[in-house]
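Chemist:
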Amino acid sequence: MPFIPHTEEDVSAMLGAIGAKSIEDLFDEIPPALKTGKLKDVPDGLPEMAVARLMQERASADGFWSNFIGAGVYEHHIPAAIWQITTRGEFYSAYTPYQAEASQGTLQLIYEYQTMMTRLTGLDVSNASLYDGASALAEAVLMAVRSHKSSRRVLVPKTVHPIYRSVVVTTVKNQGIELVELDYDATTGKTVLPADPGAFAGLVIPQPNFFGVLEDVHAMTDWAHAQGALAIALVNPTTLAVLEAPGKWGQTGADIAVGEGQPLGAPMASGGPYFGFMCCRQDFVRQMPGRIVGRTVDLDGKPGFALTLQAREQHIRRSKATSNICTNQGLVVTAATQYMSLLGPQGLAKVAAASHANTMALADKLAAIPGVTRAFASPFFHEMVLKLNDNAKDVLRALRAQGILGGLDISGWYPELGQAILVCVTETKTAADLDHYAQQMERILSKRREAPPCAYKS
Amino acid sequence: MLIFDHSRPGRTAAAQLPATGGSLDDLPAELRRKDAPALPEVSELDVVRHYTRLSQLNFSIDTQFYPLGSCTMKYNPRACNSLAMLPQFLARHPASPDETGQGFLASMFELQEMLKDVTGMAGVSMAPMAGAHGEFAGVAMIRAYHDARGDTARKEIIVPDAAHGTNPATATMCGYTVKEIPTDATGAVDLAALKAAVGPQTAGLMLTNPSTLGVFEKTIADIQKIVHEAGGLLYYDGANLNAILGKVRPGDMGFDVIHMNLHKTFSTPHGGGGPGAGPVGVSERLLPFMPIPLVLNENGFYRLATEADRPQSIGRMSANMGNAGVLMRAYVYARLLGGEGMHRVAEYATLNANYLMARLRDAGFDLAYPTRRASHEFIVTLKKLKDATGVSAMDFAKRLLDYGYHAPTTYFPLLVPECLLIEPTETESRETLDGFVDAMVKIKHEAETNPDLVKGAPYSLPVRRLDDVKAARELDLTYKPAV
């Protein structure tokens, strides 16, 4: 019996101790009419060897691709040490650290994580993480509304990832919160601040924005503050190695910073698990959702770590909790903390700079191809929007036939851009990768047929 | 020692740095950072050694018995991890076309179908990323259902007083008010109180079955009838699904919507507090409202459903496809177990719980519900011991740590004074359970003869009992070097 250690002798001795005749007797409080027969859609169990074979076949069928898609999830090199240590049983199979004395490893790691995140964002405090970047943004919106005296409106630029905006809607729509979309400038791809916004509780400021474009974060932060609202930074942690920290935006800094933690050592893995990070100013710490670890002392005065401010949370406050969340993405945070340690300030800055340089290089190569133009004439980080004079879906499909995932078709979300793709390049791509992409793009748009593959190898 | 204490200016884990950087001069100076973030500057060995040592400060299933009630801390098979982490699976970008992920999507589709079967529901969405996230999806669907019918007077969710804190917190997040109903002396929902509570304002009832008190709600058929006749929907909190896996299906009990905790029932790792996965299952009438993405099978081609396929969906809950890697681990687990293995989960979890309950009862411990069968868990109450010796459930739990056992859940459910909620799970052997009983008996003896010893526990862990009050009053949430 997989993962059940009982021998026949065990079973009869245990039933004897209970005073039951059979295991079935133990279910005698369940009305017989409710009992289940054989499961029809669950196949018979397989030994590990057979399941391994099946999964290896499926993995091989999915294969490897030359990936130029970003859009919130970024392909970065992940040091080998990280997941070897993260999947040690002591991290992997531990529970939430409620029994602090038996969880000092996880707790200290989270304290270190919180410290690193506050140093990246330039804010005072961090929680122990949320589900992902999109849900972290939704929680930030709720937090802004809780912190505001009267308004339940939050301004969200169209330059925020469309799916993030959907997740925010799903999360807050039943709480009477109004989300107001802000348009962007067609030339620069930057958010346009409205002349007369009315009262609002918060402004979301993406940096870089969904188009990869850098927003005027200082002006946006000051504008939000001038209107009595909170400034919510939505940031990419890799770029924070070289871009100004949200805590230093404008005159007094953003109030909350959230984002997707995936670039910090989490594999793309078809969508997760990743983690959302959230940092804020000290004044808002009691409004923050999720777990928080604090340092304290034990009975002997020795330093130690424990979950703290639990009075905000669902298991204490029930219907009055700041959120229903009772998990963090502990294991992925374990990886991210090691990633930030291994890369350090120099490494993270180098990853950011190499990604930016590669994106610039590809931009130059692609923009030189007839039929490709850059959508926006302003600085971008490691993503860019390209307009095509051909059907974006067809072009991406043709690139795929050459092993290239050339970007994300965003024409459906932004019809005003025409046929447009969002292209990302990270430090993982070589000059040869960029050349290959550009050659194929040029060939596809000029409608030349692909020569036999061997012709390209010579 | 913190990782920051190892930091030395200029030190790097050089092998991890890309060979070339690049210029950032084209970016506006005012948007660039003036001071580098003060991340640790350490070597690769510093990192490996530091975090390996930290791991050794933890209790975990791989190293200790973890009878933590309501949490289902069973063995997490290693193959689930290694097969979910095959390099092609890890390398796939979530926005890649469906054509490039048929192996992944086939696994997801099959898991979705298996979850439908074991829960008896008409549809399953694996979008939610944790139990509480699944609860949110479930209650949001209840609301979407009533709203779609124009039945907007339903503003109240009924929750038994023994419920997990996430239930009332979730109802609030969905814009509902919460009405609590009491539990009777046998640990069951008070039917009279339920009848009195329902009405045209009732949106639904959230119920855990077996309940958080470790007993099966025998009157589930009546509960179902009362709620449905009042026009409300029935929500199943799947926290205790391990107790009935393959034995009873929530769909057959009449539930309209359920969430599952795959990190419990399907043995994906708890990871020191996540990531989990909280798929939701629904009855026919809630099918249109399921969160996206879902996995569709169109003549053998698998693809993710979008807004266009499901216009009435409550929407998206994550930027991508939930905690995909956790779902992959659950899929591998399901294939290793198979249908028969799933039937056995509830059987042996229940056998272990009833055995442990009988042995502790015989050793002189008081059971909270002595006339009831244990489900996969049960409650011991230490009230008499506390009154006689001053030793609390918390003290008892801390002393168990000294004996090398993770503590059971204490002070939940809130209804039972000085409670220990004990869940052994099916993967533990009789010898392990016997060893736990021996430790419990020893500690009881210590409490009776030398209560201060127990009150001061633990002694053998990396730290002794921590000052929670200081932690909350003098917040120290980040490391600040002494100047």
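Residue numbers (the numbering used here), protein chains in the order written: chain A, 5 to 462; chain B, 1363 to 1845. Ideal placement from N, C-alpha and C gives every residue a C-beta, glycine not left out.
Just the chain B side, please: which residues come within less than 9 Å of A/Arg-465 by C-beta, in chain order?
Modeler: Nothing about residue 465 of chain A can be read from this structure; chain A reaches only from 5 to 462.
Chemist: Would you kindly work out how many angstroms separate the C-alpha atoms of B/Tyr-1710 and B/Ala-1730, rounded to a whole number?
Modeler: Walking along the second sequence from the start, residue 1710 of chain B turns up at place 348. Walking along the second sequence from the start, residue 1730 of chain B turns up at place 368. Computed Cα separation, rounded: 22 Å.
Chemist: Taking the C-alpha atoms as reference points, what is the distance between B/Lys-1806 and B/Val-1778?
Modeler: One-based indexing of the second sequence puts residue 1806 of chain B at position 444. One-based indexing of the second sequence puts residue 1778 of chain B at position 416. Looking at the two C-alpha atoms, the distance is approximately 19 Å.
Chemist: Whole angstroms is fine: what's the gap from B/Arg-1723's alpha carbon to B/Asn-1716's?
Modeler: Numbered from 1 along the second sequence, position 361 holds the residue referred to as residue 1723 of chain B. Numbered from 1 along the second sequence, position 354 holds the residue referred to as residue 1716 of chain B. Each residue's Cα considered, the two are about 10 Å apart.
Chemist: Note down the Cα distance separating A/Ser-64 from B/Asn-1529, rounded to an integer number of angstroms.
Modeler: Position 60 of the first sequence holds residue 64 of chain A. Position 167 of the second sequence holds residue 1529 of chain B. Those two C-alpha atoms are separated by around 42 Å.
Chemist: Here's a check: name, in chain order, each residue in its chain whose Cβ is nearer than 8 Å to the Cβ of A/Thr-110, leaving out the five neighbours to either side.
Modeler: If you number the first sequence from 1, residue 110 of chain A lands on position 106. Closer than 8 Å at Cβ, skipping near neighbours: Phe-95, Ala-98, Pro-101, Gly-334 and Thr-338.
Chemist: With a threshold of 6 Å on Cβ separation, who are the neighbours of B/Val-1803 within its own chain once the five nearest residues in sequence on each side are excluded?
Modeler: Against the second sequence, residue 1803 of chain B aligns to sequence position 441. Taken in chain order, the residues that qualify are Ala-1725.
Chemist: Under 8 Å Cβ-Cβ, which residues of chain B neighbour A/Ile-414?
Modeler: Counted from its first residue, the first sequence places residue 414 of chain A at position 410. Those within 8 Å of A/Ile-414 in chain B number zero; the least Cβ separation is about 10 Å.
Chemist: Tell me, please, which residues DSSP counts as bridged to A/Cys-284.
Modeler: Taking the first sequence and counting its residues from 1, the one referred to as residue 284 of chain A is at position 280. A/Val-129 and A/Ile-260.
Chemist: Any beta carbon from chain A within less than 7 Å of B/Asn-1685's own beta carbon?
Modeler: Position 323 of the second sequence holds residue 1685 of chain B. By this cut-off, B/Asn-1685 is an interface position.
Chemist: Do A/Ile-209 and A/Val-221 have their C-beta atoms closer together than 7 Å?
Modeler: Reading the first sequence from its first residue, position 205 is the one you call residue 209 of chain A. Reading the first sequence from its first residue, position 217 is the one you call residue 221 of chain A. In contact: A/Ile-209 and A/Val-221 (Cβ atoms closer than 7 Å).
Chemist: Starting from the C-beta of B/Lys-1580, find all residues in its chain whose C-beta is less than 8 Å away, skip the five residues before and the five after it, and write them out in chain order.
Modeler: The count along the second sequence starts at 1 and reaches residue 1580 of chain B at position 218. Excluding residues within five positions, the ones whose Cβ falls inside 8 Å are Ala-1550.
Chemist: Taking contact to mean at least 3 C-beta pairs separated by less than 8 Å, is the stretch 167 to 182 of chain A in contact with the stretch 326 to 333 of chain A?
Modeler: No: the two stretches stay apart, fewer than three of their Cβ pairs being nearer than 8 Å.
Chemist: May I ask which residues mark the beginning and end of the alpha helix (DSSP H) holding B/Val-1589?
Modeler: Indexing the second sequence from 1 puts residue 1589 of chain B at position 227. Counting along the chain, the alpha helix (DSSP H) containing B/Val-1589 begins and ends at 1582 to 1591.
Chemist: Flag this pair as yes or no: are the beta carbons of B/Val-1443 and A/Gly-275 separated by less than 7 Å?
Modeler: On the second sequence, position 81 is the one that residue 1443 of chain B refers to. On the first sequence, position 271 is the one that residue 275 of chain A refers to. In the sequence under discussion, the amino acid at residue 1443 of chain B is Asn, which differs from the Val named in the question. Cβ distance not < 7 Å, so B/Asn-1443 and A/Gly-275 don't count as in contact.
Chemist: Does any C-beta atom of chain A lie closer than 7 Å to the C-beta of B/Ile-1423?
Modeler: Along the second sequence, one-based indexing puts residue 1423 of chain B at 61. Yes, its Cβ sits closer than 7 Å to a Cβ of chain A.
Chemist: List the whole-angstrom C-beta distance separating A/Tyr-115 from A/Val-297, where the pair is believed to meet the contact cut-off of C-beta under 8 Å.
Modeler: By one-based count along the first sequence, residue 115 of chain A stands at place 111. By one-based count along the first sequence, residue 297 of chain A stands at place 293. So it is a contact: roughly 5 Å between Cβ atoms.
Chemist: So, for B/Arg-1373: in the same chain, excluding its five sequence neighbours on each side, which residues have a beta-carbon less than 7 Å away from its beta-carbon?
Modeler: Residue numbering aside, residue 1373 of chain B sits at position 11 when the second sequence is read from its first letter. Answer for B/Arg-1373: Glu-1403, Val-1404 and Ser-1405, listed in chain order.
Chemist: Could you check the C-alpha separation between A/Tyr-117 and A/Ala-340 for me, to the nearest Å?
Modeler: Here residue 117 of chain A is taken as the residue at index 113 of the first sequence, counted from 1. Here residue 340 of chain A is taken as the residue at index 336 of the first sequence, counted from 1. Roughly 8 Å separates the two Cα atoms.
Chemist: Using 7 Å as the threshold, is the C-beta distance between A/Ala-235 and A/Ala-228 below it?
Modeler: Position 231 of the first sequence, counted from the start, is the residue given in the question as residue 235 of chain A. Position 224 of the first sequence, counted from the start, is the residue given in the question as residue 228 of chain A. Yes, they are a contact pair.
Chemist: Does any C-beta atom of chain A lie closer than 7 Å to the C-beta of B/Thr-1712?
Modeler: Numbered from 1 along the second sequence, position 350 holds the residue referred to as residue 1712 of chain B. It does; some Cβ of chain A falls within 7 Å.
Chemist: Could you give the DSSP three-state label for A/Ser-327: helix, strand or coil?
Modeler: Stepping through the first sequence from its first residue, residue 327 of chain A is reached at position 323. Coil.
Chemist: Excluding the 5 residues flanking A/Gly-126 on each side, which residues of the same chain have their C-beta closer than 7 Å to its C-beta?
Modeler: In the first sequence, the residue the question calls residue 126 of chain A occupies position 122. Taken in chain order, the residues that qualify are Ala-249, Pro-250, Gly-251, Lys-252 and Gly-257.
Chemist: Which of the residues in the stretch 1631 to 1643 of chain B, read from start to end, lie with their CB under 8 Å from any CB of chain A?
Modeler: Going along the stretch 1631 to 1643 of chain B in chain order, one finds Pro-1631, His-1632, Gly-1633, Gly-1634, Gly-1635, Gly-1636, Pro-1637 and Gly-1638 with a Cβ nearer than 8 Å to chain A.
Chemist: Does the beta carbon of A/Arg-157 sit closer than 7 Å to a beta carbon anywhere in chain C?
Modeler: Of the protein chains in this structure, namely A and B, none is chain C.
Chemist: Grab me the residues of A/Ala-144's own chain with a C-beta within less than 6 Å of its C-beta, minus the 5 sequence neighbours each way, in chain order.
Modeler: Taking the first residue of the first sequence as position 1, residue 144 of chain A is located at position 140. Cβ within range, chain order: Ile-236, Ile-260 and Val-262.
Chemist: Just the C-alpha distance for B/Leu-1567 and A/Ala-371, rounded to the nearest angstrom, thanks.
Modeler: The count along the second sequence starts at 1 and reaches residue 1567 of chain B at position 205. The count along the first sequence starts at 1 and reaches residue 371 of chain A at position 367. If I take the Cα positions, the gap works out to 59 Å.
Chemist: In chain order, which beta strand (DSSP E) runs of at least 3 residues are fully inside the stretch 1760 to 1806 of chain B?
Modeler: Correct list: 1781 to 1784.
Chemist: Say the cut is 6 Å; is the CB of A/Cys-284 nearer than that to a heavy atom of the ligand FMN?
Modeler: Among the ligands in the structure shown, none appear at all, so the ligand FMN cannot be discussed.
Chemist: Mind listing the chain B neighbours of A/Asn-328? Cutoff is C-beta to C-beta under 7 Å, in chain order.
Modeler: For the purposes of this step, residue 328 of chain A is taken as the residue at position 324 of the first sequence. Per Cβ cutoff of 7 Å: Ala-1494, Glu-1497, Phe-1498, Thr-1528, Ala-1531, Thr-1532 and Met-1535.
Chemist: When the Cβ atoms of the stretch 1675 to 1692 of chain B are set against those of the stretch 1620 to 1639 of chain B, are three or more pairs found closer than 8 Å?
Modeler: Enough Cβ pairs lie closer than 8 Å, so yes.
Chemist: How about B/His-1738 and B/Gln-1426: do their beta carbons lie closer than 7 Å?
Modeler: Start at 1 with the first residue of the second sequence, and residue 1738 of chain B comes out as number 376. Start at 1 with the first residue of the second sequence, and residue 1426 of chain B comes out as number 64. For B/His-1738 and B/Gln-1426, no; Cβs fall outside 7 Å.
Chemist: Does the beta-carbon of A/Pro-161 have 16 or more other beta-carbons within 10 angstroms, so that it is buried, or is it exposed?
Modeler: On the first sequence, residue 161 of chain A is found 157 positions in, with the first residue counted as 1. It counts as buried.
Chemist: Rounded to a whole number of angstroms, what is the C-alpha to C-alpha distance between B/Thr-1382 and A/Pro-349?
Modeler: Residue mapping note: residue 1382 of chain B aligns to position 20 of the second sequence, counting from 1. Residue mapping note: residue 349 of chain A aligns to position 345 of the first sequence, counting from 1. Going from the Cα of B/Thr-1382 to the Cα of A/Pro-349 covers about 15 Å.
Chemist: Using only CA atoms, which one of A/Asp-200, A/Pro-47, A/Asp-32 and A/Gly-305 lies nearest to B/Lys-1832?
Modeler: Sequence index remark: in the second sequence, residue 1832 of chain B carries index 470 (1-based). Of A/Asp-200, A/Pro-47, A/Asp-32 and A/Gly-305, the residue nearest in Cα terms is A/Gly-305.
Chemist: Indicate whether at least one CB of chain A lies closer than 7 Å to the CB of B/Gln-1474.
Modeler: For the purposes of this step, residue 1474 of chain B is taken as residue 112 along the second sequence, with counting starting at 1. No, B/Gln-1474 does not count as interfacial toward chain A.
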